[in-house]
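Novice: If you read the sequences in order, they're chains D, P and S.
Using the numbering used here, the first residue of the first sequence is number 36, and each one after it goes up by one.
Using the numbering used here, the first residue of the second sequence is number 3, and each one after it goes up by one.
Using the numbering used here, the first residue of the third sequence is number 14, and each one after it goes up by one.
Below is a structure I'd like to ask you about.
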Amino acid sequence: MAAVRFGEATRLYPGSTQPAVDQLTLDIADGELLVLVGPSGSGKSTALRMLAGLEPLDGGQISIGDRDVSQVRPRDRDIAMVFQNYALYPQLSVAENMGFALKQAKVPKAERLERVREAARILDLEPYLDRKPKNLSGGQRQRVAMGRAIVRRPQVYLMDEPLSNLDAKLRVQTRTELAELQARLAVTTVYVTHDQVEAMTMGHRVAVLKEGVLQQCDTPSALYHSPTNLFVAGFIGSPAMNLVPCGVRDGRFMLAGAAVSFTGGLGAAEEAGATPGSVVGFRPEAVIVGTGPVAARIRTIEDLGSEAFVHLLVEQDGSSVGIVAKVAVPFHGRIGDRVDIGLAGTCHVFEPGGARLFSGGATLEP
Amino acid sequence: MDRTGSTHGIGERRWINTLLGALAWLLGLVFFFPIIWVVLSSFKDELDAVGDPTLVFDASTNRYSEVTSSTPGILSFGTAFANSAFVVLASTAIVLVMAVPAAYALAIRPVRKWRDVLMFFISTKFLPMVAAILPLFILAKEFGLLGTRTVLVILYTAMNLPLAVWMLRSFFHEVPRELIEAAEIDGAGLRGQLTSVILPIAVPGIAATALLCMIFAWNEYFFALQLNSANAQTIPIWVTTNISEKDNFLAKLSAASVLASLPVVVAGWLAQKRMIRGLAMGAIK
Amino acid sequence: MDSAWRRRLPLLPALIFTVLITQIPFVMSIWYSLTNWKIVPPSPREFIGLENYTRLFSSSERFFREAAVITVIMTVSAVLISLLLGTIFAVLLDRKFFGQGFIRTLLITPFLLMPVVAGLIWKLQMFNKSYGVLNWLLEAVGLDSVEFVSQHPTASIVTVLVWQWTPFMMLIMLAGLQSQPTDVLEAAKVDGASSLGVFRQLTLRHLRPYFELGTLLGSIYIVQAFDHIAVMTGGGPGSTNIPYFVYKRSIGGGWLFGRSSAYSIVVVLAALLIANLSLRLLSGLLKGEEIV
Chain D
36 MAAVRFGEAT
46 RLYPGSTQPA
56 VDQLTLDIAD
66 GELLVLVGPS
76 GSGKSTALRM
86 LAGLEPLDGG
96 QISIGDRDVS
106 QVRPRDRDIA
116 MVFQNYALYP
126 QLSVAENMGF
136 ALKQAKVPKA
146 ERLERVREAA
156 RILDLEPYLD
166 RKPKNLSGGQ
176 RQRVAMGRAI
186 VRRPQVYLMD
196 EPLSNLDAKL
206 RVQTRTELAE
216 LQARLAVTTV
226 YVTHDQVEAM
236 TMGHRVAVLK
246 EGVLQQCDTP
256 SALYHSPTNL
266 FVAGFIGSPA
276 MNLVPCGVRD
286 GRFMLAGAAV
296 SFTGGLGAAE
306 EAGATPGSVV
316 GFRPEAVIVG
326 TGPVAARIRT
336 IEDLGSEAFV
346 HLLVEQDGSS
356 VGIVAKVAVP
366 FHGRIGDRVD
376 IGLAGTCHVF
386 EPGGARLFSG
396 GATLEP
Chain P
3 MDRTGSTHGI
13 GERRWINTLL
23 GALAWLLGLV
33 FFFPIIWVVL
43 SSFKDELDAV
53 GDPTLVFDAS
63 TNRYSEVTSS
73 TPGILSFGTA
83 FANSAFVVLA
93 STAIVLVMAV
103 PAAYALAIRP
113 VRKWRDVLMF
123 FISTKFLPMV
133 AAILPLFILA
143 KEFGLLGTRT
153 VLVILYTAMN
163 LPLAVWMLRS
173 FFHEVPRELI
183 EAAEIDGAGL
193 RGQLTSVILP
203 IAVPGIAATA
213 LLCMIFAWNE
223 YFFALQLNSA
233 NAQTIPIWVT
243 TNISEKDNFL
253 AKLSAASVLA
263 SLPVVVAGWL
273 AQKRMIRGLA
283 MGAIK
Chain S
14 MDSAWRRRLP
24 LLPALIFTVL
34 ITQIPFVMSI
44 WYSLTNWKIV
54 PPSPREFIGL
64 ENYTRLFSSS
74 ERFFREAAVI
84 TVIMTVSAVL
94 ISLLLGTIFA
104 VLLDRKFFGQ
114 GFIRTLLITP
124 FLLMPVVAGL
134 IWKLQMFNKS
144 YGVLNWLLEA
154 VGLDSVEFVS
164 QHPTASIVTV
174 LVWQWTPFMM
184 LIMLAGLQSQ
194 PTDVLEAAKV
204 DGASSLGVFR
214 QLTLRHLRPY
224 FELGTLLGSI
234 YIVQAFDHIA
244 VMTGGGPGST
254 NIPYFVYKRS
264 IGGGWLFGRS
274 SAYSIVVVLA
284 ALLIANLSLR
294 LLSGLLKGEE
304 IV
């Protein structure tokens, strides 16, 4: 068990001018499950591979526990990794796959068998120990990959999109099992995914990366409710936060002809910072459909049974802007209908450069 | 290729398929005909072999016993076979021992400028062997290797090494990177990675490569003739010793040809699917 | 840096061995080529500068130039014809029919034969004027028999080269055909392309690197053809290519070591020029392989 620290860790691929990971500083607590999330090319996998020792550092350092491992070979870092495609050795049986690392470490055979058996019990793999990977289902292979990591009892688990090759239903189920297992073993885990739902449901904390730069690292709830910038606001949450570029009139933000009115202690001081080109952001659940000062037209309706999302079009400065609203079911509108909408909930204002200026409860006034 | 059920798609006309199949049979048999003919000749007696082509003759295996019987002072089949087997196996083994690590250094943990190194290996295949024969002859004589099996082992190793590096690199390149990284994290060193992960996966490719090396070495005649005419002669030389200036020799030569070709031909037949993969698939991907 | 050397280490045995075996003879040849060394009649080895090279342009060396022309004719025709036939065979074999595996087995066999055997089979049992099968066929249709090997030496040798190398080309093209992604072919069918259209517009383009590979590997081996010539014509007129010519002038009976070394060096330089051009083609094949 150990804490992990990235200290301004940088990786610049040869022949590239922009670092794949740019001065990443991140402290991961002992026993924490930290998720690295971001779109493809964000550097999340590179960061993980740097921690694994599969990518050299071009700057900064990485430590596991009290030990600076920046120059340590992968095999000597005391880590275990679960790969996206599982990387099971095709010619070895399940038991041999799980025991491979112990064999390399010259662990006595009896102990090796015992540890493999224990991991197999945890993962329900006991009936399959003699099979070859090619004779397993996708879910079983995934568990073998997990087992291979568990058996080693390393200081850190590294997981590189370990669920992305499972079908949707199995992925949700395994997600829960994996989170439980991690809590039970209490081993520091760094988990990479591009799926923000996975990130939010599993991570104790989630680090959002974009183009190699850490945007924000916080609990899922904090990411959702106080995104630090436009990118995080747009990336976290499904459907995504509504982000509408706003005009300014008389020092107030204007949304489709209505003024955004902040409540609860937010005074003129904040609003005085209002500059044209600022972006107003609000979650679908903050939109009221049925009453309000803004006229909208229904574009499509996604009825999920337990809730529904209504995609709306509003007129803003002569062009159409799409807004998504979360509504209670049953919802009786139809595509093409005209409805009035309003706001009741948190509203974020981002400056044109992307950073968040302030947030607060808001409504719309004519 | 193991499809079952209808062998022709919707709208494909069956007679075209049949026609093309028949054409393949026709071309295949025409192409193979010279070999059939030699096999037939090898069972004839010498007079039938030079007579009008006929399928009716007294078949016997006498020619085979003639060519394999040994006369003192004349290169025997057994000696030549032993020489060839030694030279082929030894050179192929040495090729693999050197080419496997080299391919690793070109494909899996590539050195800088791996392309240039690979190009150097291939470029040596362009150097005409004949241009080197005189210096090699003189060197072999200098080191007392002329007429030994050692000199052929060295030369066949040099002859096949570039091809083997080229093919093995391609096969190693197909080993999933994740597997090697997993082995690395699991604590396996170079030897562990090779023996536990890479080699088992690359076995078909290594087999195809070894086979091709063996074919080229078994069939090689030029070096064998020039550097080894004395006492370590190989099978291709033995074949030509069955040519006679005064008697009819066609049936005997045919029998010798069949015997000389059989090991490599059978091996090639058994490994043909791997060769298809080995020759090009690996080479281009 | 020690990690760079750790990477290089596995490469070194093969690299050092290849450098030694291929470069030492080359350096020796350069030295010999600057001398008038010959064995018959025995004469002392004297340094004569570039005389052996300037001779190459004189009329007394027209045989060398003829050999060069024959080498080009043999190589180009044998490579092109075997590539064409190999492609046709591969296309025929790429579809399912009764006995597919058997026919493929028959077709690859000539490649497995030793060149000496192949040359002898054709010379003695196919081409021979009195008991060769081809002449028997000619007579059967009422034509005069032909002494193929002496009357058409170049064509005879090219025939045997083609016979042996067509299977090799076929294997390469077959690998190319089988590596075609089926979804693309299916998409083309759904898009309304005819079989011939698919072949011309998609398959041929897909096969291009395989054509290049076949040409390259085929040329490497065919340009060095020696064994076939040795057993079929013994290097008579019209069938002496450069390898055979150099051989005849040196240890094959000419014993003109100085002069034949000069030939060798010229040939090596020409080969390196051709190699350079071909390898550029080859690097094209290696492009797109992103290795960090």
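Ideal Cβ placement from N, Cα and C applies to all residues, glycine included.
Buried or exposed for PHE145(P), going by 16 or more other Cβ atoms inside 10 Å?
Specialist: PHE145(P) is exposed by the Cβ-count criterion.
Novice: Using 8 Å for Cβ pairs, my map puts PRO387(D) next to THR263(D). What's the rounded Cβ distance?
Specialist: Not a contact, Cβ separation roughly 16 Å.
Novice: List, in chain order, every chain P residue whose beta-carbon is nearer than 7 Å to that of PRO125(D).
Specialist: By Cβ distance, chain P contributes ILE203.
Novice: According to DSSP, what are the bridge partners of GLN36(S)?
Specialist: Answer is none; GLN36(S) lacks a bridge partner.
Novice: Run the CB neighbour count on PRO49(D), radius 10 Å, all protein chains shown included, and call it buried at 16 or more, exposed below.
Specialist: When all chains shown are included, PRO49(D) counts as exposed.
Novice: Please report how far the alpha carbon of GLY251(S) lies from the alpha carbon of HIS165(S), in whole angstroms.
Specialist: Between GLY251(S) and HIS165(S), the C-alpha separation is close to 8 Å.
Novice: GLU180(P) touches chain D at which residues, Cβ-Cβ below 7 Å?
Specialist: PHE118, ASN120 and ALA122, listed in chain order.
Novice: Could you tell me which residues DSSP puts in a beta bridge with HIS260(D)?
Specialist: DSSP lists no partner for HIS260(D).
Novice: Between ARG65(P) and chain S, is any beta-carbon pair separated by less than 7 Å?
Specialist: Cβ-Cβ to chain S under 7 Å: no for ARG65(P).
Novice: Taking the straight line between their C-alpha atoms, what separation do you get for SER313(D) and LEU170(P)?
Specialist: Roughly 59 Å between the two C-alpha positions.
Novice: Along the stretch 97-110 of chain D, where does the CB come closer than 9 Å to a CB of chain P? Name the residues.
Specialist: Flagged, chain order: ARG108, PRO109 and ARG110.
Novice: Jot down the residue ranges of each uninterrupted alpha helix (DSSP H) in the stretch 133-219 of chain D, minimum 4 residues, whole runs only, in chain order.
Specialist: Whole alpha helix (DSSP H) segments, 4+ residues: 144-157 and 173-187.
Novice: Could you tell me which chain S residues have their CB closer than 8 Å to the CB of PRO164(P), listed as they occur along the chain?
Specialist: Chain S residues near PRO164(P): THR31.
Novice: Name the residue from ARG178(D), MET194(D) and ALA184(D) whose alpha carbon lies nearest to the alpha carbon of GLU212(D).
Specialist: Measuring from the Cα of GLU212(D), the nearest candidate turns out to be ARG178(D).
Novice: Alpha carbon to alpha carbon, how far is ARG276(P) from LEU28(S)?
Specialist: Using only the alpha carbons, I get a separation of about 27 Å.
Novice: By alpha-carbon positions, which one of GLY66(D), ASP62(D), TYR259(D) and LEU399(D) ends up nearest to THR223(D)?
Specialist: It is GLY66(D).
Novice: Which same chain residues end up closer than 8 Å to GLN113(S) when comparing Cβ atoms and leaving out the 5 residues on each side of it in sequence?
Specialist: So the list reads LEU106, once near-sequence residues are dropped.
Novice: Residues of the stretch 131-147 of chain P with a CB closer than 8 Å to any CB of chain S: list them in chain order, please.
Specialist: Taking 8 Å as the Cβ-Cβ cut-off against chain S, the residues of the stretch 131-147 of chain P that qualify are MET131, VAL132, ALA133, ALA134, ILE135, LEU136, PRO137, LEU138, PHE139, ILE140 and LEU141.
Novice: State the start and end residues of the unbroken alpha helix (DSSP H) segment that holds ASP375(D).
Specialist: That residue, ASP375(D), is in no alpha helix (DSSP H); its beta strand (DSSP E) goes 373-385.
Novice: Determine the DSSP secondary structure at TYR45(S), reduced to helix, strand or coil.
Specialist: TYR45(S) falls in the helix class under three-state DSSP.
Novice: Within this structure, are the beta carbons of VAL244(S) and VAL159(S) separated by less than 7 Å?
Specialist: No, Cβ-Cβ distance for VAL244(S) and VAL159(S) is not below 7 Å.
Novice: If I follow the unbroken alpha helix (DSSP H) through ARG332(D), where does it start and stop?
Specialist: No alpha helix (DSSP H) contains ARG332(D), which is instead part of the beta strand (DSSP E) from 322-338.
Novice: State the Cα-Cα distance for the pair ALA160(P) and THR31(S), rounded to the nearest angstrom.
Specialist: Answer to the nearest angstrom: the Cα atoms are 6 Å apart.
Novice: Among ALA258(P), TRP271(P) and GLY270(P), which residue has its Cα nearest to the Cα of GLY80(P)?
Specialist: The residue with the shortest Cα to Cα distance from GLY80(P) is ALA258(P).
Novice: Measure the C-alpha to C-alpha separation of ALA95(P) and PHE88(P) and round it to an integer number of angstroms.
Specialist: Rounded to the nearest angstrom, the two C-alpha atoms are 11 Å apart.
Novice: Quick one: residues in its chain with C-beta nearer than 8 Å to the C-beta of PHE224(P), no 5 flanking neighbours on either side, listed in chain order?
Specialist: Correct list, in chain order: MET131, VAL132 and ILE135.
Novice: Under 7 Å, do ALA360(D) and VAL322(D) count as touching if we go by C-beta distance?
Specialist: Yes, the Cβ-Cβ distance between ALA360(D) and VAL322(D) is below 7 Å.
Novice: Can you give the Cα-Cα distance for PHE270(D) and GLN231(D), rounded to whole angstroms?
Specialist: PHE270(D) and GLN231(D): Cα-Cα distance of roughly 7 Å.
Novice: Restricting to Cα atoms, I'd like to know which of GLN237(S), SER192(S) and GLN138(S) is closest to VAL280(S).
Specialist: The shortest C-alpha separation from VAL280(S) is found at GLN237(S).
Novice: Applying the 10 Å Cβ sphere with the 16-neighbour rule, what's the burial state of ARG19(S)?
Specialist: With fewer than 16 Cβ atoms within 10 Å of its Cβ, ARG19(S) is classed as exposed.
Novice: Please confirm whether ASP1(P) has its beta-carbon closer than 7 Å to some beta-carbon of chain D.
Specialist: Absent from the structure is residue 1(P), since the part of chain P shown begins at 3 and ends at 287.
Novice: Helix, strand or coil for HIS175(P) per DSSP?
Specialist: If DSSP states are grouped into helix, strand and coil, HIS175(P) belongs with the helices.
Novice: Give every residue of the same chain whose Cβ lies closer than 7 Å to the Cβ of ILE304(S), excluding the five residues on either side of it in the sequence, and list them in chain order.
Specialist: Only weak support exists for where ILE304(S) lies, its pLDDT of 37 falling under 50; the coordinates are left without a value.
Novice: With a Cβ-Cβ cutoff of 7 Å, do LYS245(D) and SER77(D) count as a contact?
Specialist: Yes, the Cβ-Cβ distance between LYS245(D) and SER77(D) is below 7 Å.
Novice: Taking Cβ positions, are SER232(S) and VAL259(S) nearer each other than 7 Å?
Specialist: Not a contact, by the Cβ cut-off of 7 Å.
Novice: Touch check for the stretch 364-377 of chain D and the stretch 249-261 of chain D: three-plus C-beta pairs under 8 Å?
Specialist: The stretch 364-377 of chain D vs the stretch 249-261 of chain D: no contact.
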